[in-house]
Structures are given as structure tokens and as C-alpha cells.
């Protein structure tokens, strides 16, 4: 059972290493030029807001479409630092695996997400905007 869950999350054998950072670290990196991408669905963003200055690509589980959309933001630069955030870290972890599989070399997952707990972007008091 656990192996099936790991495979679904992109954590099975042969999966790229998952690198995670806190929302505070993501904000620091964003200020230094890292591309922060919010992967939550539009209704979530509209209801609770979004990290200030974040790009948005809805993670629907369609990895090829997500990679194409990311390429449009990075100009195809697979070395550009990218931080991915969702509500809690699950979808952003899946998106991270998709980008790593596509050759992106500096992709991190923001643990705690935007608003899913005491260490989230919101709970950390980081800048937000209405989506």
C-alpha cells in the first residue's frame, strides 16, 4: 500500500530526489530571483488568496501540459531555480517530480503550503495577494 502511495506522489524507486523548503525560505529565494509557482486550482486561489508575486499554473495532474506551461515561464531554461507551492505540499510535490523528469535541475517543494498549518505561507505572515 505504501509503495502505491509513494509511486502516486512520484516517490517510487528511481524517482528524483525531493527537495523541500519552508515558506520563509521560499520567500527569501523568491526575492533573490527564484520563480515561485502556485499550483493550486483557481477556486482555491480566489477563495483564500495567493503568495504575492507568484506565477500560477494549475496542477491538474497533466504532467506534459504543466511542463509546457513552465517552459513558457522559464524560456526553456531548465536550470532556472523554481519553488512550487500548493495548499499543503502534495500537488506541488507531484509537479516537482514532473519538472525533474523533464530535466529541470533546481526545483523545490514548499512544505506547509499556502495555508495548511502552523508553518504555512499564511501562518508565517508572508506577503499575500488576492488572486
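Residue numbers (the working numbering): 1 to 131.
Using N, Cα and C, we set each Cβ at its ideal position, and we do this for glycine too.
Asked: Euclidean distance between Cα positions of residue 90 and residue 25; Found: 18 Å
Asked: Contacts around residue 120, its chain only, beta-carbon distance under 7 Å, and the 5 residues preceding and following it disregarded; Found: 23, 112, 113, 114
Asked: Unbroken stretches of the alpha helix (DSSP H), 4 residues or longer, contained in the region 89-118; Found: 90-101
Asked: Near the ligand FMN: residue 24 beta-carbon under 7 Å from a heavy atom; Found: For the structure depicted, the ligand FMN is absent and the ligand set is empty, with no information on it obtainable.
Asked: Identity of the residue in 21, 49, 60 nearest residue 94 by Cα; Found: 60
Asked: Residue 98 at chain D interface by Cβ criterion, 8 Å; Found: This model lacks chain D altogether; it includes just one protein chain.
Asked: Selection from 18, 29, 20 that minimises the alpha carbon distance to residue 53; Found: 29
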